[in-house]
Amino acid sequence: MSYKHSDPGVKSLKQFGATTARDYVDFLEQCFRGDNIYKGEKDDEDLGVFKDETIESHLRNKIFDSSVTIVLISKNMKELGVDENEQWIPWEISYSLKEKAREDRSSSSNAMLAVVLPDEYGSYEYLIEYSPCTICKSVTWRTETLFNILGKNMFNKKYPNMSHCQNGVCGSHYHTGNDHSYIHPVTWEDFLPNMNDCIDLATRINENIDLYNIQKVI
Numbered sequence: 000m001s002y003k004h005s006d007p008g009v010k011s012l013k014q015f016g017a018t019t020a021r022d023y024v025d026f027l028e029q030c031f032r033g034d035n036i037y038k039g040e041k042d043d044e045d046l047g048v049f050k051d052e053t054i055e056s057h058l059r060n061k062i063f064d065s066s067v068t069i070v071l072i073s074k075n076m077k078e079l080g081v082d083e084n085e086q087w088i089p090w091e092i093s094y095s096l097k098e099k100a101r102e103d104r105s106s107s108s109n110a111m112l113a114v115v116l117p118d119e120y121g122s123y124e125y126l127i128e129y130s131p132c133t134i135c136k137s138v139t140w141r142t143e144t145l146f147n148i149l150g151k152n153m154f155n156k157k158y159p160n161m162s163h164c165q166n167g168v169c170g171s172h173y174h175t176g177n178d179h180s181y182i183h184p185v186t187w188e189d190f191l192p193n194m195n196d197c198i199d200l201a202t203r204i205n206e207n208i209d210l211y212n213i214q215k216v217i
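Read in order, the letters of the sequence shown are residues 0 to 217 in numbering that gives the first Met the number 0.
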């Protein structure tokens, strides 16, 4: 699980008190029978004091034996004015995507899933634009606003299935099917009742990783 611990720009999960992205992880841990599903680093640590190999060593000890990485996207997950290589989430994504070796064992790229959290107003519009077209009902994911390594691994199928809206006013071209992205994006509302199905989809996509243009470095 990769996420911005202290981001308060998320929909409240509590009757009283502030909610942060960490509360969503706590909720998911309860759904997964109390397992400790987070294996990354605390995002309040200063990466400037670490060398690249030190960062990978930290992550190797925590992520090596995982097979699926879920990225929780929140409105303020990116710290503005700070280089991406000085923030934990891109490193966690990068390490999850790499083939990893540790002593006499090796581990292939993780299956990946991106779960978009609603902001404090219950909206996804900070990332998703919904078309007014009643025919195609297409959505646009503003992947350019995400960490580069995250956005580049969405809608990155080498030979995507595309369709064209028949509404002459709209004229949108859009991806079809649910295998358009190696890091498959899904909203919290769609993920919550279908968690196992979403994870199974990410696993099937991972089994066909050669069909995707994968960016593994920050």
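All C-beta atoms, glycine included, are put in the ideal place defined by N, C-alpha and C.
S93 sits in a helix when the DSSP states are folded into three classes. A contact between stretches requires three or more CB pairs, one per stretch, nearer than 8 Å, and the segment 89 to 98 fails this requirement with the segment 15 to 31.
Between the segment 170 to 183 and the segment 196 to 204 there are three or more C-beta pairs closer than 8 Å, enough to call the two in contact. In the structure shown, the three-state DSSP call for L71 is strand.
When S65, E78, K13 and C30 are compared, the shortest CA-CA separation from H4 is found for E78. Counting the other CB atoms within 10 Å of its CB gives C197 a total of 16 or more, which places it among the buried residues. When rounded, the separation of the alpha-carbon atoms in N84 and V216 is 10 Å. Residue pairing by DSSP puts E128 in a beta bridge opposite T139. Fully contained in the segment 163 to 194 are the following alpha helix (DSSP H) runs of length 4 or more, in chain order: 187 to 190.
Of the candidates V81, Y120 and E98, the residue whose Cα lies closest to the Cα of P7 is Y120. By the Cβ-count criterion, M161 is exposed, with fewer than 16 other Cβ atoms from all chains shown falling within 10 Å of its own Cβ. By the criterion of a C-beta distance shorter than 7 Å, E143 is surrounded in its chain by G150, once the five residues flanking it on both sides are discounted.
The C-beta of F31 has fewer than 16 other C-beta atoms within 10 Å across all chains shown, which makes the residue exposed.
L27 places its beta carbon 8 Å or farther from that of I72. Residue D118 holds the alpha-carbon nearest to the alpha-carbon of K10 among D118, I134, N212 and N177. Going by C-alpha positions, S171 is about 22 Å away from T186. A straight line joining the alpha-carbon of S122 with that of E128 spans about 11 Å.
The three-state secondary structure of L200, taken from DSSP, is helix. Across the structure, N109 and D209 are spaced so that their CA atoms are roughly 13 Å apart.
The C-alpha of S95 lies about 27 Å from the C-alpha of E124.
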